[in-house]
Amino acid sequence: GQQVMQIPQYQHVQEGEDFTTYCNSSTTLSNIQWYKQRPGGHPVFLIQLVKSGEVKKQKRLTFQFGEAKKNSSLHITATQTTDVGTYFCAVNAGNNRKLIWGLGTSLAVNP
Amino acid sequence: EAGVAQSPRYKIIEKRQSVAFWCNPISGHATLYWYQQILGQGPKLLIQFQNNGVVDDSQLPKDRFSAERLKGVDSTLKIQPAKLEDSAVYLCASSLVFRRSDGSSYEQYFGPGTRLTVT
């Protein structure tokens, strides 16, 4: 079945440093969604990417969808303690009617 | 707009006992999802409903788990009998439908989850 890999599994940064997490699929994707889950909380939708090579920005967050629609990245510029949490990608491929979730990247930020 | 409601928030049971979780999705959302999230892992889809029909239940352990959404609104997820490995957070989510006409998917809104501990 379809698999999605997220790297790294964990990332520890100093406040103000940048952070990037990557999501890689074995198959071409229809779309990819990114979610954030704070410690003890539930996943919250951040953004969806649909088009090849698409780049979207939300304040300090930049999301990219690869040209081949098999990978994506989430980049945070100048991390803050409020960025702490686990970032998940969830992907959809073909006519599949469900999302496949990655294992997430847990971000810790030292103040 | 009210969010996705779930109850109970916490449950502790002994193995071989039964437990049921309840979910009320956002009003008007046709698609409802039950996920199992084990600590340190991503959400694992157990079952997905479109209105009151099952879209996907391929990862639902049907010998012990059951779920229903009789009137296409609220849903219950039951485990009978529970095993130690069922200890997890059970998340309910909803979306308007699953897919838009342009091929993109609708975002999913999650409830607070039920933390189940099986001893």
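Quick note, the sequences are listed as chains A and B, same order.
Under our numbering, read the first sequence as residues 1 to 111, first letter to last.
Under our numbering, read the second sequence as residues 1 to 119, first letter to last.
Cβ atoms here follow ideal geometry from the backbone N, Cα and C, with glycine treated the same way.
Since we're looking at a predicted model, the values are computed, not measured.
- Taking 8 angstroms as the CB-CB cut-off, is G144(A) touching chain B? This structure does not reach residue 144(A), given that chain A is present from 1 up to 111, and the question cannot be answered.
- Task: Might you give, ordered along the chain, the residues of its own chain that have their beta carbon closer than 7 angstroms to the beta carbon of L70(B), omitting 5 neighbours on each side?
- Result: Answer for L70(B): N52, listed in chain order.
- Item | Pair within 8 angstroms by beta-carbon distance, L45(B) and S94(B) | No.
- Amino acids of chain A, ordered along the chain, whose beta-carbon sits closer than 7 angstroms to that of R99(B): Under the 7 angstroms cutoff, chain A gives R97.
- Message: So, under 8 angstroms CB-CB, F65(A) and I47(A) are touching, yes? Tell me the CB distance rounded to an integer number of Å.
- Response: With 8 angstroms as the limit, F65(A) and I47(A) do not qualify as a contact, their Cβ atoms being about 10 angstroms apart.
- Query: Would V109(A) be called buried (16 or more neighbouring beta carbons within 10 Å of its own) or exposed?
  - Reply: Buried, because 16 or more other Cβ atoms sit within 10 Å of the Cβ of V109(A).
- Under 8 angstroms between the Cβ atoms of Y87(A) and K56(A)? It is not a contact, given that the beta carbons lie outside the stated cut-off.
- In chain A, which residues lie with their C-beta within 7 angstroms of the C-beta of Q108(B)? Within chain A, the residues near Q108(B) are F45.
- Message: Within 8 angstroms of any Cβ in chain A, is that where the Cβ of G103(B) sits?
- Response: Contacts with chain A at 8 angstroms (Cβ-Cβ) include G103(B).
- Message: Just to confirm my understanding: we take T81(A), look at its own chain, exclude 5 residues before and 5 after, and list those with CB closer than 7 angstroms. What are they?
- Response: So the qualifying residues of the chain are E15, V109, P111.
- Message: Taking 8 angstroms as the threshold (beta carbon to beta carbon), is L103(A) in contact with chain B?
- Response: It does: the Cβ of L103(A) has a partner Cβ on chain B nearer than 8 angstroms.
- Message: Distance check for L107(A) and V97(B), CA to CA, integer angstroms please.
- Response: When only Cα atoms are considered, V97(B) and L107(A) end up about 31 angstroms apart.
- Message: Given a cut-off of 8 angstroms on the beta-carbon distance, is the pair F21(B) and Q6(B) in contact?
- Response: If you check the CB distance, F21(B) and Q6(B) come in under 8 angstroms.
- Alpha carbon to alpha carbon, how far is P39(A) from A88(B)? Spanning the two alpha carbons is a distance of roughly 15 angstroms.
- Option in V84(A), F45(A), L103(A), W101(A) with minimal Cα separation from E17(A): When only C-alpha atoms are compared, the closest one is V84(A).
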